[in-house]
Structures are given as structure tokens and as C-alpha cells.
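Undergrad: One structure, pasted below without further comment.
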Amino acid sequence: MKKTICVLLLVLSIFIMFSGLTMSYFHDKSKEIQIPFTTGKLVMEINDFPVIRDNEEWFPGKKNAKNLEWSFKNVGTQPAELRVKAEGKWDDDTLEDIVVWEQITGWEEKEDYYLYNKLVYPDDTVNIEFDVWLDLNKDNFNENYNSAKYTIKLTLESSQKEWD
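So this is what it looks like as C-alpha cells:
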């Protein structure tokens, strides 16, 4: 009698287990919104950049500003959000940063970056242009600027999502 009860309980528990697995298989659906992820290539290339000779003279004042322009092309397969960071540094660390960067092509300045306010679609080209000049006056004049070199570093970042 005990063996019969044990066998019946075992069969009943197996039946309950299989029915529970079957119910969970057919009824378990995610209620959360699925987020699609689009794959593709996100590639930007620099088409055009300014060339400044090493010994080119650079006089102070806005009227002597150098016009610097870079051109970027989306050679990938996905639209891209762009941001650019332009940095300059004197080779002599004792010199003050007297260089003024004025962005003139409509990019939005946010923190250290310039954000392009539209999507750049595949095969589209965008430009960023700066007028850069020395804000040198009698208060910050230093002979060391005459022989110093100024190095420009431009960082381009692209993303499929908007920048925060």
C-alpha cells in the first residue's frame, strides 16, 4: 500500500511539473518594449583640412585671423551624429593660451565640443570652419611667442544616437 501511494505521488508530481513547464512555455511573453538595434557601418573620413606651413607668420589681432576649415564625409551605411573638439597648445608650456577660436559655420558649442545640429547621412559632407587669431596686447606680450609653435589637435567623434 505504501509503495502504491509513493508511485501515485511520484506520477502526480511529474504530471504537475510537465504541465507547469508547458504552461510557462506558451504563456511567458515579455511585456517590455523591444528596442531594435540597427547594424551597419558608422565611418567618417576627413576630406579636406587646412595646411599651414611651419614658418608662416601669424600676426596678432582679429584682422590677421587664420581661417581653418575641415571637411568630413560619412562613408558608412548609417546616419551619424557628429561632434568635434578643437584643441591648441603652444610648444612652450610657459606661454599663455592667447589664441581665440571663433567657430563660424553654425555648429552648436556644448562644453568642450562643437555639435553638428543635423544627422549626417551616408555620402553627405559637412564642414566646420574657424577663424583663429592671437589676442596679444601689451599686458600679455612675450618675445617667446615669436619662435613658438602652436599645435592643433582636432578630434572627430560620430555616434548613432544623440549626444547627451
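Note that the numbering used here gives residue 1300 to position 18 of the sequence shown, counting from 1, and the numbers run on in steps of one. Each residue gets a CB set at the ideal place from its N, CA and C atoms; glycine is no exception.
(1) Could you check the C-alpha separation between T1407 and V1382 for me, to the nearest Å?
(2) With distances taken from CA atoms, which of G1370, M1305, D1405 and Q1442 is nearest L1416?
(3) Should F1412 go down as buried or exposed, given a rule of 16 or more other Cβ atoms within 10 Å for buried?
(4) Return the CA-CA distance between I1410 and P1332, expressed in angstroms with no decimal places.
(5) Report the rounded CA-to-CA distance for K1456 versus F1341, giving the unit in angstroms.
(6) For Y1432 and N1399, what's the separation of their Cα atoms in angstroms?
(7) Skipping 5 residues on each side, what residues in its chain have a beta carbon closer than 8 Å to that of N1346?
(8) Check the DSSP bridge columns for W1372 and list the partner residues they point to.
(9) Candidates W1389, I1380, S1295 and E1444: which alpha carbon is nearest G1367's?
(10) Where L1418 and Q1360 are concerned, what is the direct C-alpha to C-alpha distance, given to the nearest angstrom?
(11) With the cut-off set at 9 Å, would you say N1356 and P1404 are in Cβ contact?
(12) Around the Cβ of F1354, are there at least 16 other Cβ atoms within 10 angstroms (buried) or fewer (exposed)?
(13) Going by C-alpha distance, which of T1437, I1380 and L1438 is nearest D1421?
(14) Can you say whether V1402 is buried or exposed, counting buried as having 16 or more other CB atoms within 10 angstroms of its CB?
(15) Could you pull the DSSP bridge partners for S1353 from this structure?
(16) Taking the alpha carbon of L1350 as the reference point, which residue from N1426, F1308 and K1435 has its own alpha carbon closest?
(17) Between which two residues does the beta strand (DSSP E) carrying V1381 extend?
TA: With the given structure in hand:
(1) 26 Å
(2) G1370
(3) buried
(4) 11 Å
(5) The structure shown has nothing for residue 1456, since the chain only spans 1283 to 1446.
(6) 29 Å
(7) W1340, W1415 and L1416
(8) Y1432
(9) A small fix is needed here, since residue 1367 is Lys in this sequence, not Gly. The candidate whose alpha carbon is nearest that of K1367 is W1389.
(10) 44 Å
(11) yes
(12) buried
(13) I1380
(14) buried
(15) D1330 and N1409
(16) K1435
(17) V1381 to Q1385
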